[in-house]
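Visitor: Please find one structure pasted underneath; my questions will follow.
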Amino acid sequence: MFFTEYTGCMATIKLIEPAESEYLADLERKSHRENHFFRMMAHKPEVLKNFVPLYGSVMGPGSVDRRTKELVYLAVSFANECAYCTAAHLATGKKAGITEEEIRALQTEQNQFFTEPERSAILYARELTREVAANETGEKLFEHYNDEQVVEITLIIAMANFTNRFNNGLGLEPEE
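First residue of the sequence shown: 3, per this note's numbering; consecutive thereafter.
Below, the structure written as structure tokens:
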């Protein structure tokens, strides 16, 4: 067996190598890069196989624009201090038009750089990440988004919290 050791915060967990999993090898071949998140999740192949399409359906095209999706994912990842997801979504966020100044504003929770709809989604993301419910910011969200969009934004927040906790729990750091 071919393994790369990854020392997380708990113990040493070996990353699955693409040579051990045709599905993992195919994922990395398509993305043209090594992916520690997928290599770690490959310990549960059935979860990895179901995660990829779920993530795609949440983060892919929908009723919420790409920029807002990335702002929400980054707001959650900054709140959870997830280095892995932050690194991944800084790159995709920049492609979606998020500026360096806006990234710094998200990190420091300065909201003046964002439109009212973006601000409502960011505040909702932070509250739902830190609390069991988003009572204070949930109502404001409906001033700017319809039911489908609110559900989609909530799914993005749930996905970000899932991946943040997976990565932070296992101590995954961004690839070089």
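Every residue, glycine too, gets a C-beta built ideally from N, C-alpha and C.
For clarity, every value in this text was computed on a predicted model and none was experimentally measured.
Measure the beta-carbon distance from Glu-154 to Val-66 and round it to whole angstroms, keeping in mind my assumption that it falls under 8 Å.
Guide: 5 Å
Visitor: Indicate the three-state DSSP secondary structure (helix, strand or coil) for Leu-174 in the structure shown.
Guide: If DSSP states are grouped into helix, strand and coil, Leu-174 belongs with coil.
Visitor: Once the 5 residues before and after Ala-44 are set aside, which same chain residues still bring their CB inside 7 Å of it?
Guide: Ile-18, Ser-23, Leu-26 and Leu-50
Visitor: Should Phe-5 go down as buried or exposed, given a rule of 16 or more other Cβ atoms within 10 Å for buried?
Guide: Residue placement at Phe-5 is poorly supported in this model, since its pLDDT is 39, which falls under 50; the coordinates are not used for a value here.
Visitor: Answer yes if the region 153-167 comes into contact with the region 53-71, meaning at least three C-beta pairs across the two stretches below 8 Å, and no otherwise.
Guide: yes
Visitor: Write down every uninterrupted run of the beta strand (DSSP E) in the region 14-39 whose length is 3 residues or greater and which is fully enclosed by it, in chain order.
Guide: For secondary structure counted as the beta strand (DSSP E) over 3 or more consecutive residues, the region 14-39 holds these complete runs in sequence order: 14-18.
Visitor: Could you give the C-beta distance for Val-54 and Leu-29, rounded to a whole number, given that I count them as a contact under 8 Å?
Guide: The Cβ separation is near 7 Å, so the contact holds.
Visitor: Does DSSP put Gln-114 in a helix, in a strand, or in coil?
Guide: coil
Visitor: Among Leu-172, Ala-135, Tyr-75 and Thr-14, which has the Cα closest to the Cα of Glu-120?
Guide: Checked all of Leu-172, Ala-135, Tyr-75 and Thr-14; the closest Cα to Glu-120 is Tyr-75.
Visitor: Whole angstroms is fine: what's the gap from Glu-141's alpha carbon to Lys-46's?
Guide: 38 Å
Visitor: DSSP on Glu-154, reduced to helix/strand/coil?
Guide: helix
Visitor: Among the candidates Tyr-86, Glu-138 and His-91, whose CA atom is the shortest distance from the CA of Leu-172?
Guide: From the listed residues Tyr-86, Glu-138 and His-91, the smallest Cα separation to Leu-172 is found for Tyr-86.
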